[in-house]
Amino acid sequence: MDATVKSHFIGKEDKAPAKPSFVLWRPSAKTGLMSWLTTVDHKKIGFLYGSFALFFFLVGGVEALLIRLQLMHPNNTLLTAQQYNTLFTMHGTTMIFLAVMPLGAAFFNFIMPLQIGARDVAFPRLNAFSLWTFVAGAIILNIGWFLPDGAPDAGWFGYAPLTSKLYNPTHATDFWILGLQLLGVASIAAALNFIVTIINLRAPGMTMMRLPVFTWMTLITSFLIILSFPAITIALVEVMFDRQFGTNFFEVSNGGMPILWQHLFWIFGHPEVYILILPAMGIVSEILPTFSRKPLFGYPIVVFSGASIGFLGFTVWSHHMFTTGMGTVATKAFALATMAIAVPTGVKIFNWIGTLWGGHLKMRTPMMFALGFIWMFMIGGFSGVMHSAAPADAQQQDSYFVVAHFHYVLIGGSIFALLGGIHYWFPLMFGRRVSEFWGKLSFWVIFTGFNITFFPMHFLGLNGMPRRTFTYDGNMGWSTANFIATIGALILGVGIAIYFSVVIYTYFKGEKAGEDTWDGRTLEWSIPSPVPEYNFAVIPTVHARDAFWYEKHHQDEIAKEKAEHHQAEASHGGIHMPFQSIYPLVASIGILIAAIGITAFDSNSAPGIHWKLGLALTGGTIMFLGIYLWALEGAEGYHLHLDDDGHDASSQPKH
Amino acid sequence: MRLIPSPSALARWVRATLALGGLALLTGCDLNFWTMKGHQSTIDVDGPVAKAQLHVFYVTCWVTLVIFLIVGSVLAYAILKFRARTDADEHAEPPEQGHGNPFIELGLIGASVLALVIIAIPTIEAIGYTYDVPAEDKATAYEINATAYQWWFKFEYPAEQIAGAGPLVAANEMVIPAGRAVHINLRAMDVIHSFWVPKLAGKVDMIPNRGNFLWLKAEAPGYYWGQCAEYCGDSHAVMRFRVIALGPRDFNEWVNRQTGPAREVAKVAVADQPKAQFASYRSDWKRNEKGWSPEFELNPFQAWQAQQEPDAKHENPALIAQGRALFQSKTCFSCHVIRGHMVGGSGAYPDLTHVGARSTIAAGLLENTPEQLARWISHPDQVKPGNKMYLTGYIPNNIKLTPDDVAALVAYLRSLK
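Sequence lines, in order, name chains A and B.
One gets this note's numbering by counting positions in the first sequence from 1 and adding 784 to each.
Number 409 in this note's numbering belongs to position 416 of the second sequence; there are no gaps in the numbering.
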């Protein structure tokens, strides 16, 4: 046995492949900061996505609390108009792009490969690149808080011509533009990665119709991302060029049309909201069967509904533009298309109820969140149906009725499911289990606070209170509802604080959980927790939907199969693992530096043009260098050999 | 009772508290927000357009309520009936592993489609009806051009042409004839705004370089609140307006007064002049203080009508003349038109020819009282952040006014009935 101490789960080739130069060093740290910066492990990357997302969720929450405190009383002076406008812009942008989307990405990363029986995603280094580029985008979006130019303040939807240089001369809007572009790059790269993974890396026997629903939603969401983000990319490039190089896409005095921005933005923006909700629906579709102890009712229809929602999501964008004077034909078409989308959405709810029906319902914390999702999403869906009726929407648009609607589907929908997913998969990820009492307490406080905050907003909207307003008068009949909503927001804040404290405490000191805590149905529960670096000691063969449930009820058959496959895998050289790499991070850093240079740029940049151009070029060079070396270092990876006990036996590599 | 209650006991306590709290909400406090009868209510509406839109809303309410009751009770029943209650339940064998039921699925899909058809039919109808003035009203429709600027509304009356001066121009208060359809062309000169007077009609956006329009009708005379409904920059929240509907005779009178030049206040001999009253106005205004009064709220329409008459008792011709002179020397005239008194001014700023007859100033934000006028003139930065009364581009104006100047200007502007 080699004198060097090795851990059971890490192996190294005895003979490292020849490296062309010292630059292409293989990071090998398995603990500490370098291991995180160079990781390509989908589980670590998922954890990082989740940590950043939860951090920004708190940032967005503070922004929301400030908004609610300002609106607590009529004619309040807590915030100036400018501060308020920045806060609602950043609250929306942060929650959508820096909290809900990356939380979804966290689960796609951690859970999806485990559910399909894969060892990692198809392109591990690209996965790391997506993560670090996401961090770069988050930095650019928020850098304005620390600069005199200020943070973005033109709304999360940035309508032209308000975003033009004339009406928004500081660089705040440039931070918004570049930040979103970087996030777009990260999202598209990740989505491509997930699509290839799901199509190519499924375990043997895992046909598409045996995929867990969460994996299906990952696939559909990824298609939505790659098809919708280009629209906003183009829109952002156009507004950037208008601002910095004097083009006229939206410049009215030279024939530009502001309505173009709206179309481009919402062609992205509507699929975006399905990007936000489909992962959550996937999580609920995992939790309900597990805690009802029976399969998902109508699996094929649930999958097909998800795909329909994704597809139809591209046909309804102008329901965000019902008040822009599109004419009767377009208005009627989009109203009908929007109503049509309610059908597959309703179907999912019926199927979830069908899953509960006749089950043995275990009311654990994840189940509470999933059930809460169904109730809250129903309410949010109903207000959505009300919006689809364009004449009614003519009154509701840009009022607090819309604010109520989307918070019901985004908090009551997406956030509830994501928070429930954290509880659900916590034992798998960290080997510990959140206490039932504290978990349920956090759920009820969040549920209560959330409803007290947003239910009154339906009435506020119908009583004529517009959105995005930093103040209102006391004679409009809005004072009581606003006051109640603020109290609710404070309660919601307390609930979130409890949730976070509990989860963090559990991470360090929580009750240890055994394997398969919930008697799960899908493959991620078939492996030890915390999950070993290589995920599966032996790639499973899938015989049915709810693959793990089948395994548990056909144990002899599965044991025999596993022994055969272990032999086969060992004789093929062992478990193939990807090398860690620093180059995705290098490329992302390059992009960050280039973006900072570009945001500062404008056509009147004569003074100081040198440093701005210099930054952009330096950043670009670093990015290219990072990608070049990334390509050069190759993707051979290394092999792990597990002996029959699952221990690393790499002292005798067999090729 | 245990110190830390079991999760189910805790849940029961929380539910009970919620229920009681909900009741308290229903029975106590100020209930206005439930009844939705505010100034900008979309429920307590007048006029055929808002009523048609409200009708569609009610259809969606009924359909979704029925669906909610049915689906909600099935969901609640399932949760209550099938949850594991005892330890034995927890460890029982898994139930029958059913996979679905195509008949139920198809039936539910069919029912959903039916529910949506019930909503779709009145929706399609109302889209057509609310889009433009109906054929039968076209002959008597009245045309107004509304243009939005950061952060006020200009209203032009092409039907009322003034010799040598173009159409009648008003600002921030749109007077319309009651009982007739009004067709409003919507334009914007800088960023996107939106025209929303909820009690009369749903909103339509005012987008630069785009020819939007809407129509509405006030069946009877009345006073209505409106507000910009598309985020348009710093002062979006305080960009508001009013709509006043008048019967035919009153409307003609209003048009006649408005198309005339600015009102002249007759000079009187020095001996007969009342003592110069330099009203001392408040100067300790803070940012964002309210601009409305309970007296106005008692009967806004009457308050507006009263505003049409000169305040003869308190008019001070000397002070007014002083104010008129200051309006020139302080360069106010270079932006604001006062037809007949001033030469110059631009259509890009509110026309003040008859500002004294408006019930509100600063775009529907402040009541048109001497106090508020003084506030607006002296401290525009505290009233509407970013507005051009104190900034040009992003450079502060350097217009300095002493309190006496303000008093004179207030007297002058109030005389412009």
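Every residue, glycine too, gets a C-beta built ideally from N, C-alpha and C.
By DSSP, does B:A390 sit in helix, in strand, or in coil?
-> In the second sequence, counting from the first residue as 1, residue 390 of chain B sits at position 397. The question names Ala, but residue 390 of chain B in the sequence shown is Asn. Coil.
Taking just the CA atoms, how far does A:S1365 sit from A:I1373?
-> Indexing the first sequence from 1 puts residue 1373 of chain A at position 589. Indexing the first sequence from 1 puts residue 1365 of chain A at position 581. Cα to Cα, the separation comes out at about 14 Å.
Looking only at C-alpha atoms, which of A:M1041, A:T870, A:L1401 sits nearest to A:I929?
-> Counted from its first residue, the first sequence places residue 929 of chain A at position 145. Inspection of the sequence shows that residue 929 of chain A is occupied by Trp rather than by Ile. Closest option to A:W929, Cα to Cα, is A:T870.
Let me know if A:V1370 comes out buried or exposed under the rule of 16 or more other beta-carbons within 10 Å of its beta-carbon.
-> Stepping through the first sequence from its first residue, residue 1370 of chain A is reached at position 586. Buried, by the Cβ-count rule.
Can you tell me which of A:P1316, A:T999, A:Q1339, A:N859 puts its alpha carbon nearest to the alpha carbon of A:A975?
-> Indexing the first sequence from 1 puts residue 975 of chain A at position 191. Cα-wise, what sits closest to A:A975 is A:T999.
Nearest residue (CA-CA) to A:V1322, options A:L1397, A:I1342, A:S1313 = Within the first sequence, residue 1322 of chain A is the residue found at index 538, counting from 1. Looking at the Cα atoms, A:I1342 is the closest of the given residues.
Any beta-carbon of chain B closer than 8 Å to the one on A:L865?
-> Taking the first residue of the first sequence as position 1, residue 865 of chain A is located at position 81. As written in the sequence, residue 865 of chain A is Ala, which differs from the Leu given in the question. Answer yes: the Cβ-Cβ gap between A:A865 and chain B drops below 8 Å somewhere.
Compute the beta-carbon to beta-carbon distance between B:F294 and B:Y216, rounded to the nearest angstrom, for a pair I have assumed lies under 8 Å.
-> Start at 1 with the first residue of the second sequence, and residue 294 of chain B comes out as number 301. Start at 1 with the first residue of the second sequence, and residue 216 of chain B comes out as number 223. Their Cβ separation, rounded to whole angstroms, is 4 Å, which keeps B:F294 and B:Y216 in contact under 8 Å.
Short check: CB of A:S1167 to CB of A:F1185, under 8 Å?
-> Sequence index remark: in the first sequence, residue 1167 of chain A carries index 383 (1-based). Sequence index remark: in the first sequence, residue 1185 of chain A carries index 401 (1-based). It is a contact, given that the beta carbons lie within the stated cut-off.
If you draw a straight line from the alpha carbon of B:N281 to that of A:V1187, how long is it in whole angstroms?
-> Here residue 281 of chain B corresponds to residue number 288 of the second sequence, with the count starting at 1. Here residue 1187 of chain A corresponds to residue number 403 of the first sequence, with the count starting at 1. One C-alpha to the other measures close to 24 Å.
Cβ neighbours of B:A401 in the same chain (closer than 6 Å, five flanking residues each side left out) = To locate residue 401 of chain B, count along the second sequence from 1; it is residue 408. Taken in chain order, the residues that qualify are L312, Q315, G316, L319.
Residue ranges of each alpha helix (DSSP H) within the segment 96 to 160 of chain B, 4 or longer | 128 to 131
State the start and end residues of the unbroken alpha helix (DSSP H) segment that holds B:L423.
-> Only positions -6 to 410 of chain B appear in the structure, and residue 423 of chain B is not among them; the question remains open.
Whose Cβ in chain A lies nearer than 7 Å to the Cβ of B:H229?
-> As a first step, residue 229 of chain B is located in the second sequence; it is residue number 236 there, counting from the start. Here the neighbours are R1252, T1253.
Residues that DSSP places opposite B:L209 in a beta bridge = Indexing the second sequence from 1 puts residue 209 of chain B at position 216. For B:L209, the pairing in a beta bridge is given by DSSP as B:V175.
Tell me, which residues are paired with B:C221 by DSSP?
-> Locating residue 221 of chain B in the second sequence gives position 228, counting from the first residue. In DSSP, B:C221 forms a bridge with B:F188.
Where B:H84 sits in the DSSP three-state scheme = By one-based count along the second sequence, residue 84 of chain B stands at place 91. For B:H84, the secondary structure class from DSSP, reduced to helix, strand or coil, is coil.
Within chain A, partners of B:W285 - CB distance below 7 Å = Residue numbering aside, residue 285 of chain B sits at position 292 when the second sequence is read from its first letter. Within chain A, the residues near B:W285 are D1257, N1259.
Return no unless some Cβ of chain A is closer than 8 Å to the Cβ of B:T123.
-> Along the second sequence, one-based indexing puts residue 123 of chain B at 130. Chain A, which has a Cβ nearer than 8 Å to the Cβ of B:T123, makes this yes.
Just checking, does the segment 869 to 889 of chain A make contact with the segment 1058 to 1078 of chain A on the three C-beta pairs under 8 Å criterion?
-> yes
Pick out whichever of A:L1072, A:P1368, A:M1024, A:L1020 has its Cα sitting closest to the Cα of A:L1048.
-> Residue numbering aside, residue 1048 of chain A sits at position 264 when the first sequence is read from its first letter. The residue with the shortest Cα to Cα distance from A:L1048 is A:L1020.
Short CB-CB distance (under 8 Å) between B:A400 and chain A = Here residue 400 of chain B refers to the residue found at position 407 of the second sequence. No, because no Cβ of chain A sits closer than 8 Å to the Cβ of B:A400.
Any C-beta of chain B under 8 Å from that of A:N1032 = Within the first sequence, numbered from 1, the residue matching residue 1032 of chain A stands at position 248. It does not: the Cβ of A:N1032 has no partner Cβ on chain B nearer than 8 Å.
Could you work out which residue in A:G1204, A:F1243, A:P1211, A:N1235 is closest to A:G1223 when comparing CA atoms only?
-> Looking up residue 1223 of chain A in the first sequence gives position 439. The shortest Cα separation from A:G1223 among A:G1204, A:F1243, A:P1211, A:N1235 belongs to A:G1204.
Of the listed residues A:A1173, A:P945, A:N1135, nearest to A:T1112 (C-alpha basis) | Taking the first sequence and counting its residues from 1, the one referred to as residue 1112 of chain A is at position 328. Among A:A1173, A:P945, A:N1135, the Cα nearest to that of A:T1112 belongs to A:A1173.
CB A:P1150 to CB A:F1075, shorter than 8 Å?
-> In the first sequence, counting from the first residue as 1, residue 1150 of chain A sits at position 366. In the first sequence, counting from the first residue as 1, residue 1075 of chain A sits at position 291. Contact flag set, yes.
Across which residues does DSSP place A:H1360 in a beta bridge pair?
-> For the purposes of this step, residue 1360 of chain A is taken as the residue at position 576 of the first sequence. Partner(s): A:H1423.
Which bits of chain A does B:H32 rub up against, with CB to CB less than 8 Å?
-> As a working note, residue 32 of chain B is residue 39 in the second sequence. What B:H32 touches in chain A: G1248, N1259, M1260, G1261.
Are the C-beta atoms of A:T834 and some chain B residue less than 8 Å apart?
-> Your numbering for residue 834 of chain A matches position 50 in the first sequence. In the sequence on display, residue 834 of chain A carries Gly and not Thr. Closer than 8 Å to the CB of A:G834 there is not a single CB belonging to chain B.
Any beta-carbon of chain A closer than 8 Å to the one on B:W27?
-> The residue labelled residue 27 of chain B in the question sits at position 34 within the second sequence. Closer than 8 Å to some Cβ of chain A, the Cβ of B:W27 qualifies, so yes.
Give a yes or no on whether 8 Å exceeds the smallest Cβ distance from B:K210 to chain C.
-> Absent from the structure is chain C; the protein chains it does hold are A and B.
B:R76: contacting residues in chain A (beta-carbon distance under 7 Å) = Working through the second sequence from its first residue, we reach residue 76 of chain B at position 83. Within chain A, the residues near B:R76 are L1145, M1147.
With B:T353 and B:N165 assumed to form a contact (beta carbons below 8 Å), what rounded beta-carbon distance in angstroms separates them?
-> By one-based count along the second sequence, residue 353 of chain B stands at place 360. By one-based count along the second sequence, residue 165 of chain B stands at place 172. With a Cβ gap of about 7 Å, B:T353 and B:N165 count as contacting.
Range covered by the beta strand (DSSP E) that runs through B:M199 | Translated into the one-based positions of the second sequence, residue 199 of chain B becomes position 206. 194 to 199 is the extent of the beta strand (DSSP E) around B:M199.
Quick one: what does DSSP say A:G1381 is sitting in, helix, strand or coil?
-> The count along the first sequence starts at 1 and reaches residue 1381 of chain A at position 597. Helix.
From A:K1146 to B:F75, what distance separates their C-alpha atoms?
-> Sequence index remark: in the first sequence, residue 1146 of chain A carries index 362 (1-based). Sequence index remark: in the second sequence, residue 75 of chain B carries index 82 (1-based). Separation of A:K1146 and B:F75 (C-alpha to C-alpha, rounded to the nearest whole angstrom) is 9 Å.
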